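*Asks:* Residue numbers (my numbering): 15 to 279.
No residue lacks a Cβ here, since even glycine has one placed at the ideal position from N, Cα and C.
If you're wondering where the values come from, they're calculated on a predicted model, not measured in any experiment.
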Amino acid sequence: MNFKQLLDAVRASPDALSIPPSWAQGRAVFGGLMAALVYETMRQKITDGRPVRSLAISFVAPAAADVPIRFEVEVLREGKAVSTLLGRAVQEGQVVTLVQGNFGAGRPSVVDVPALPAMDMKALEQAAPELPHIKGITPDFMQHVALRWAVGGLPFSGNPSRHMGGWVRLRGLAEEPVSEAHLLALVDAWPPSLMPFLKQPAAGSTLTWTIEFVQPTPRLSTLDWCRYCVETEYARDGYGHAAAALWTAQGELLALSRQTVTVFA
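This is the structure in structure tokens:
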């Protein structure tokens, strides 16, 4: 199943969705996909079209592939402009992913502050070739995601740069408009920001993740490449704190992201 098919499946059957092993990331399902599926379930509860402004995501436990997952949504409050929802992915009685989301309609405002310029990076044509999916070496979900490094080092390269990133898009999709669900997968497709600092393989994962979306979302399709860059701001005692952004190829801001990541080295 590709990304679109999984989004269609969770809308049709949120009570029992099994995710194929091709979307695994070690012993867990790819976190960006889990966040996207919970978000897509939450979005079905919004009846007036107010767009998502922010999501706060906690990966409570690893979600296993090929085991049914139930997606639940609770509407905490629905105000005149803002709706606050709580989404859960539950597997075998255990919450595996928890998402609090805020959906807010726009309103007139005298405040208008443009986004900071996009991070300067090598052009797509000058970036590294697409990172291949190598069975047993790269995570299984990488067969669905295309990454081209343009900033910083690869995982386990011992690169001391605080910055890491490049170009990203999903693989195997027909052309269609990109939604916030796609953006969740694109942002989380990149490895935890501490991985390039290491000189040999070690486990790492995202603990918490907050992402904010620019509205209205700039127009782009699933065939378009996006720019991504993350900065590690601090790391100690096995935890790191990182801030990232995603832009269109033309440098239009799409999303701002913060993550607390863990590393077992």
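Is there contact between the stretch 121-128 and the stretch 64-78, where contact requires at least three CB pairs shorter than 8 Å?
*Replies:* Output reads no: the stretch 64-78 does not touch the stretch 121-128.
*Asks:* So, at 6 Å on beta carbons, what are the nonlocal neighbours of E190 in its own chain, with the 5 sequence-adjacent residues on each side left out?
*Replies:* Taken in chain order, the residues that qualify are T236.
*Asks:* Is the Cβ-Cβ distance between V165 and M209 less than 8 Å?
*Replies:* No.
*Asks:* Suppose you measure from the CA of S97 to the CA of V110; what does that come to, to the nearest Å?
*Replies:* Each residue's alpha carbon lies about 23 Å from the other.
*Asks:* Please classify Y253 as buried or exposed, where buried requires at least 16 other C-beta atoms within 10 Å of its C-beta.
*Replies:* Exposed: under 16 other Cβ atoms inside 10 Å.
*Asks:* Let's see if you can read the secondary structure: which residues bound the alpha helix (DSSP H) around G118?
*Replies:* Here G118 belongs to no alpha helix (DSSP H); instead the beta strand (DSSP E) covers 108-118.
*Asks:* I'd like to know if the stretch 177-194 and the stretch 215-223 are in contact, where contact means that at least 3 CB-CB pairs between them fall below 8 Å.
*Replies:* These segments do not touch.
*Asks:* At what residues does the alpha helix (DSSP H) containing Q19 begin and finish?
*Replies:* Unbroken alpha helix (DSSP H) run through Q19: 17-26.
*Asks:* Could you tell me if V192 is buried or exposed, where buried requires 16 or more neighbouring beta carbons within 10 angstroms of its beta carbon?
*Replies:* By the 10 Å Cβ count, V192 comes out buried.
*Asks:* From T274 to L187, what does the alpha carbon distance come to, in whole angstroms?
*Replies:* Distance between the alpha carbons of T274 and L187: 30 Å.
*Asks:* To the nearest whole angstrom, what separates the beta carbons of L268 and C240, a pair I think is in contact under 8 Å?
*Replies:* L268 to C240, Cβ: 7 Å. Contact.
*Asks:* How is G150 classed by DSSP in three states: helix, strand or coil?
*Replies:* G150 falls in the coil class under three-state DSSP.
*Asks:* Less than 8 Å between the beta carbons of A203 and V159, yes or no?
*Replies:* Yes, they are a contact pair.
*Asks:* Give me whichever residues DSSP pairs with I9 in a beta bridge.
*Replies:* Given a span of 15 to 279 for the chain in the structure shown, any question on residue 9 remains unanswerable.
*Asks:* What number of angstroms, rounded off, separates the C-alpha of G167 from the C-alpha of A49?
*Replies:* The straight-line gap from Cα to Cα measures roughly 26 Å.
*Asks:* Rounded to a whole number of angstroms, what is the C-alpha to C-alpha distance between V113 and L234?
*Replies:* Cα to Cα, V113 sits roughly 25 Å from L234.
*Asks:* Where does E54 fall in DSSP's three states?
*Replies:* Note: E54 maps to helix in three-state DSSP.
*Asks:* Determine, using beta-carbon pairs with one atom in the stretch 138-152 and one in the stretch 28-45, whether at least three such pairs fall under 8 Å.
*Replies:* Judged by Cβ distances under 8 Å, the stretch 138-152 makes no contact with the stretch 28-45, as fewer than three pairs qualify.
*Asks:* Can you give me the start and stop residues for the beta strand (DSSP E) that V201 sits inside?
*Replies:* It is not in any beta strand (DSSP E) - V201 instead sits in the alpha helix (DSSP H) that spans 194-202.
*Asks:* Going along the chain, which residues of its own chain have a beta-carbon closer than 6 Å to the beta-carbon of A38, five neighbours each way excluded?
*Replies:* So the list reads A79, D154, once near-sequence residues are dropped.
*Asks:* When the Cα atoms are used, what is the spatial distance from G118 to P230?
*Replies:* Going by the C-alpha atoms only, they are around 11 Å apart.
*Asks:* For R91, which residues of its own chain have a beta-carbon under 8 Å away from its beta-carbon, when the five flanking residues on both sides are left out?
*Replies:* Same-chain partners within the cutoff: S97, T98.
*Asks:* Relative to the C-alpha of A7, which residue among L260, E226, Q214 is closest?
*Replies:* Any answer about residue 7 is impossible in this case: the structure gives the chain only from 15 up to 279.
*Asks:* I believe G45 touches F73 by the beta-carbon criterion, under 8 Å. Please report the beta-carbon distance rounded to the nearest angstrom.
*Replies:* So it is a contact: roughly 6 Å between Cβ atoms.
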